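Colleague: I am attaching a structure below and will ask some questions about it afterwards.
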């Protein structure tokens, strides 16, 4: 009985804590403090958008020089660098500009892309860029299979400032992908 | 072989000991122990040049670094390739080379397989050079070969290959120092043999193939090791494909019988298989027009018609003709199908056009159906005799062996050719010749007779031959006494002395190889000429001597296989004569059936029977008798007379256009199988792409038809057919790296020497009657062009760039005589017909002769008469006398 | 008339001097150059034919040696040495002077056809550089004034007293 009597004999402070749900209040301290000081963390996504970090890797795009010509030389290195086989390049001689190389067709299957940026690293002429676009939810997956025109369009809208085109892109590189008008085109 | 074993020396390379023959280069010795010394200018095929300085190594007791590619090993040499000094040297050499390199790897077709790229990665080379780089004015080179001289490292491999291996010398290093540039001569595009050697051998991207420019990256390509489907040389080549697209062909150094060398046909001719006009669906003639049907429909139709005709007229009312471009398996199954499922012996193949001549002569004299020599024997020969070969243009790679034997191994070359020895844009074997008998193709036989006469008169015969076979030697001597030197000189225009000199050289040498080419084999004297050449070998005792022999060169890639598979009417598989009863019974037993006993008809006889109506149906596989036989044969009328003509073809040829059923066949780039090359080496063919459209390999078609005809020949794959061939034909199992040539059958030689020679001795050695050619005429000859083979290659876009149409080649003196210049049009007319064509002046053409490439010969072939050999039934229609007139 | 026909005797004489036929290449090229002032394409082809070489091999030789011209040159062919010794004492400057005075660069000719400029390899006057050769005559230790005088002299008289060659050792036999 003595032991039962001792458990019953609660101290005043303990009793007070019990009746005021003190432990619960301690546990809820953070919650309650936020209740008073309400600052929402969830972004109301379609209505508000988060600031993207500077090195954000979004949708891929093909770029142009300031005179509107495509930068891509069709070297296939992006295709080789891609770990998930997103890119397919069909390179050829530029029609009307013999011995100059370009990508006749350029496809990206964005359903597979990991946005690792290896293709951008691999590109020797900086023809690929990662835009800050990310809103590419579509109803039909096939719409994510992008061709060259679509990729160039993305580049055009995302990179308003274009690199200046020089006849010799690098001062110490002689004749990099230059057309020779007097050479007859490649036989087909 | 017989060369004394070279002295071995022992050297150290990076601490590893290696024993190599004295005289080996350090770079070679290093390769043996797995040490790769970087290099650009060194190539095992070429003489060392040591101009790139990339292969510097340290050799103990030698004060300075040495170039490994030009330093021969010596006893006790201690070579170090991995020291800091060597590494620094390599790095600085690379820096020098990179000083002027444009670094346009992203757009360079060599990117990914470039030596310079690899070494730059290996040495993490950088360049401190900041000045402007050298820039060459880009000049147009050729529609097939692309040059970017800015990328050149000036190793001169291309120039040396063009000179040393090909003997063409079309390229030259122009300018000096850094500004050296590889160029050809003149302001026109490159005009050479287009062997593609410079493209293959360039270590960087300075010379690349324009045909496949920008279409691929090396890592995208799938490779198939296969055998070229053009000529009888049987070159191994690597066909590189991207999906179903044929991208490029090359051949690795040391690969196959060709040792990595190719010719224009092999290197640039592969597009024939992917020509847009390929047949992709079976066609059946309905109401006069060919309409597309399914395979089931077509095969059932053929089977029904075959059964009807067979019931009405019997098996021998069928005939079959197959191309020597099919694989051994297909040739074998074709004759088995005709002999077993149909029951006819009327079988022929394109070997009939000439290769049969050489084969029959060999069988008669030496009892073999293959060469008794190999390409190695050609390289080792002391004396090479080329008869009517025009070897560079008909068998370019065998030609390379001859060039190597003459240029590097000091063989003596005797040529009986119609070529003028001039330096030209193409290499000319007559230039290398020590004894050149320049006579028209039609008189080739006289020159051979001259050599035989000289041998007999100068007592150069094998000493004991006269004792063993006095009748033979006496008969020969008396036959040749009837031919006077005056007549020979009048007929050939060659001094008797020249014959005597050449005969002495040939008789005095240890290893003599005689090669007979198409110009002899396909001529009227094809058979007798071969026999006479074999007589020459017999008389001088060279026939059975080691390293000696007679080598008829096959024009089509599997002519030899066609003969060995029994797809000529007089032969069974294994090239046994059909009259050999024991062999026939053995084969019948294995095939579990009866072989037809009738004597079969050859191609011309079949066409004749079709014309009179006793032959009712024909299977024609890949052959085009309408397009390739002269008008006098009336091939078209004969074929129109047939109740059933089934063609298996790649393209709708003139013959296929007459067919009742056309079945699309797969080309040799699309199927498995084997080809037997001219020296009798059986090599594997592997598919590079899937069959185009609905086309199927020919053997599958025979197999399917045989099932419908109730005598099933079922095979799961072509390897099973090969297995059957191997079990059927003794000695056919040697599909290996080096073929063992058969030995001369001495009993056959004895048979020939006792009575075999008598059959046509009189016709071969008869006094010469000289036919004179009227004024205003030329001797027209159908010739082989280097850039084409048969008619298949005229569908290849690459080769058409080099030679797009047939042009009559005439000599400059004839051009002057007829007041013609390049590109003028002339009308040729003979008693049989006429044609109009453009002329091309070539200095190698002898005066009074005009050559027309047979590949474009549909019109030209109508000018020829056709002579048929009474023994071998070979139709020959290669020469004609035509009058030539300039037209506007 | 073809080149070979024109100089038949001289060519026969040259060919007779060499046991190996192709050794006659350079002497024959000199003959061809003397004929037209430069080596024509047809002459190259003829020489190739004569010596049983291919035309590219002849072409290769001509481009290696700076003394052969592949296109017509002016009356006065100025050949400035660009080898190391002369370069160290300013052959580049000499070329610049000529460029400003005559308006021609290496490989070009003046419009009036009087002067052509080319840069050549060592002419064996290393002690007296910078130097140049005009036609057959040497002009050494060039300065801008000297160059002016030479050009004026050549324009007016066709020769210049400043020339200092040709040097030959031993002295050519005086006839």
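Protein chains in written order, with this note's numbering: chain V, 1 to 188; chain X, 1001 to 1888; chain P, 2001 to 2175. Each residue gets a CB set at the ideal place from its N, CA and C atoms; glycine is no exception. Computed from a prediction, not measured in an experiment: that's the story for all the values here.
(1) Does the beta-carbon distance from residue 1168 of chain X to residue 1008 of chain X come in below 8 angstroms?
(2) Check whether the Cβ of residue 2034 of chain P lies closer than 8 angstroms to any Cβ atom in chain X.
(3) Anything in the stretch 2046 to 2057 of chain P with a Cβ closer than 8 angstroms to a Cβ of chain X? List those residues in chain order, please.
(4) Measure from the alpha carbon of residue 2049 of chain P to the alpha carbon of each residue in P:2033, P:2036, P:2073, P:2003, then state which is nearest.
(5) Closer than 8 angstroms is the cut-off here; do at least three beta carbon pairs connect the stretch 1321 to 1332 of chain X with the stretch 1619 to 1626 of chain X?
(6) Which runs of the beta strand (DSSP E) spanning at least 3 residues fall entirely within the stretch 1493 to 1557 of chain X, listed in chain order?
(7) Would residue 84 of chain V count as contacting chain X if we go by Cβ distances under 8 angstroms?
(8) Count the other C-beta atoms from every protein chain shown that fall within 10 angstroms of the C-beta of residue 1179 of chain X, then say buried if there are 16 or more, exposed otherwise.
(9) Provide the residue span of the beta strand (DSSP E) that contains residue 1019 of chain X, from first to last.
(10) For the alpha helix (DSSP H) that residue 1295 of chain X lies in, which residues bound it at each end?
(11) If the cut is a Cβ gap below 8 angstroms, which residues of chain X does residue 72 of chain V touch?
(12) Going along chain X in order, which residues have a C-beta closer than 8 angstroms to the C-beta of residue 2063 of chain P?
(13) Does the Cβ of residue 2008 of chain P have 16 or more other Cβ atoms within 10 Å, making it buried, or fewer, making it exposed?
(14) Please name the residue in X:1244, X:1205, X:1211 whose C-alpha comes closest to that of residue 1224 of chain X.
(15) Does residue 1439 of chain X pass the burial test, meaning 16 or more other C-beta atoms within 10 Å, or should it be called exposed?
(16) If you scan the stretch 1576 to 1624 of chain X from start to end, which runs of the beta strand (DSSP E) of 3 or more residues do you find wholly inside it?
(17) Please classify residue 1403 of chain X: does DSSP put it in a helix, a strand, or coil?
(18) Whose CA, out of V:21, V:80, V:105, lies closest to the CA of residue 1221 of chain X?
(19) Examine chain X for any beta-carbon lying closer than 8 angstroms to the beta-carbon of residue 126 of chain V, and answer yes or no.
(20) Does the beta carbon of residue 1107 of chain X come closer than 8 angstroms to any beta carbon on chain V?
(21) Counting along the chain, where does the alpha helix (DSSP H) carrying residue 1357 of chain X start and finish?
(22) Which residues in the same chain have their Cβ closer than 8 angstroms to the Cβ of residue 1505 of chain X, if we skip the five residues on either side of it in sequence?
(23) Could you give the distance in angstroms between the alpha-carbon of residue 1112 of chain X and the alpha-carbon of residue 87 of chain V?
(24) Cβ of residue 1003 of chain X less than 8 angstroms from any chain V Cβ?
(25) Is there contact here, the stretch 1471 to 1479 of chain X with the stretch 1761 to 1770 of chain X, by at least three beta-carbon pairs under 8 angstroms?
(26) State the start and end residues of the unbroken beta strand (DSSP E) segment that holds residue 1664 of chain X.
(27) Are the beta-carbon atoms of residue 1263 of chain X and residue 1786 of chain X separated by less than 8 angstroms?
(28) Taking the alpha-carbon of residue 130 of chain V as reference, which of V:83, V:56, V:153 has the nearest alpha-carbon?
(29) Name the chain X residues whose beta carbon is nearer than 8 angstroms to that of residue 183 of chain V?
(30) Tell me the DSSP secondary structure of residue 2100 of chain P in three-state form.
(31) Can you tell me whether residue 2152 of chain P sits near the ligand MG, meaning its C-beta is under 7 angstroms from at least one heavy atom of the ligand?
(32) Who are the near neighbours of residue 1082 of chain X in its chain, counting only those whose CB is closer than 7 angstroms to its CB and skipping five residues on each side?
(33) Could you spell out the range, first to last residue, of the beta strand (DSSP E) harbouring residue 1173 of chain X?
(34) Out of X:1782, X:1644, X:1753, which has the shortest C-alpha to C-alpha gap to residue 1313 of chain X?
(35) Is the shortest distance between the beta-carbon of residue 75 of chain V and the beta-carbons of chain X less than 8 angstroms?
(36) Kindly indicate which residue of X:1779, X:1073, X:1326, X:1397 has the alpha-carbon position closest to the one of residue 1845 of chain X.
Modeller: Taking the coordinates as given:
(1) It is not a contact, given that the beta carbons lie outside the stated cut-off.
(2) Nearest CB-CB separation between residue 2034 of chain P and chain X: not below the 8 angstroms threshold.
(3) Contact annotation: in the stretch 2046 to 2057 of chain P, residues whose CB is within less than 8 angstroms of a CB in chain X are 2048, 2049, 2052, 2053, 2054, 2055, 2056, 2057.
(4) Residue P:2003 is the option with its Cα nearest to residue 2049 of chain P.
(5) Flag = yes, the stretch 1321 to 1332 of chain X and the stretch 1619 to 1626 of chain X touch.
(6) Secondary structure remark: continuous beta strand (DSSP E) runs of at least 3 residues inside the stretch 1493 to 1557 of chain X, in chain order: 1512 to 1516, 1549 to 1552.
(7) Taking Cβ atoms only, chain X never reaches closer than 8 angstroms to residue 84 of chain V, which makes this a no.
(8) Residue 1179 of chain X comes out exposed.
(9) Unbroken beta strand (DSSP E) run through residue 1019 of chain X: 1016 to 1021.
(10) For residue 1295 of chain X, the enclosing alpha helix (DSSP H) begins and ends at 1295 to 1313.
(11) What residue 72 of chain V touches in chain X: nothing, since even the nearest Cβ is about 10 angstroms away.
(12) Ordered by position in chain X, the residues that pass the 8 angstroms Cβ test against residue 2063 of chain P are 1174, 1175, 1176.
(13) By the 10 Å Cβ count, residue 2008 of chain P comes out exposed.
(14) Ranking the options by Cα distance to residue 1224 of chain X, first place goes to X:1244.
(15) With 16 or more neighbouring CB atoms inside 10 Å of its own CB, residue 1439 of chain X falls in the buried class.
(16) Segments of the beta strand (DSSP E) lying fully in the stretch 1576 to 1624 of chain X: 1617 to 1621.
(17) Here residue 1403 of chain X carries a helix assignment [DSSP, helix/strand/coil].
(18) Here the closest residue by C-alpha is V:80.
(19) Not one beta carbon of chain X lies nearer than 8 angstroms to the beta carbon of residue 126 of chain V.
(20) Closer than 8 angstroms: yes.
(21) Unbroken alpha helix (DSSP H) run through residue 1357 of chain X: 1355 to 1366.
(22) Same-chain partners within the cutoff: 1383, 1412, 1414, 1434, 1435.
(23) Approximately 18 angstroms between the Cα atoms of the pair.
(24) At residue 1003 of chain X the pLDDT is 49, less than 50, meaning the model places this residue with poor confidence; the figure from the coordinates comes in the next sentence. False, the Cβ-Cβ gap to chain V never drops below 8 angstroms.
(25) Yes: at least three Cβ pairs fall under 8 angstroms.
(26) For residue 1664 of chain X, the enclosing beta strand (DSSP E) begins and ends at 1661 to 1664.
(27) A contact, by the Cβ cut-off of 8 angstroms.
(28) Nearest C-alpha to residue 130 of chain V: V:56.
(29) In chain order: 1138, 1140.
(30) Looking at residue 2100 of chain P - three-state DSSP - the assignment turns out to be helix.
(31) Although the ligand MG was asked about, the structure shown includes no ligands whatsoever.
(32) Result list for residue 1082 of chain X: 1014, in chain order.
(33) Run containing residue 1173 of chain X: 1172 to 1174, per the beta strand (DSSP E) assignment.
(34) Distances from the CA of residue 1313 of chain X to each of X:1782, X:1644, X:1753 were compared; the closest alpha carbon is that of X:1644.
(35) Yes, because at least one Cβ of chain X sits closer than 8 angstroms to the Cβ of residue 75 of chain V.
(36) Nearest to residue 1845 of chain X by alpha-carbon distance, out of X:1779, X:1073, X:1326, X:1397, is X:1779.
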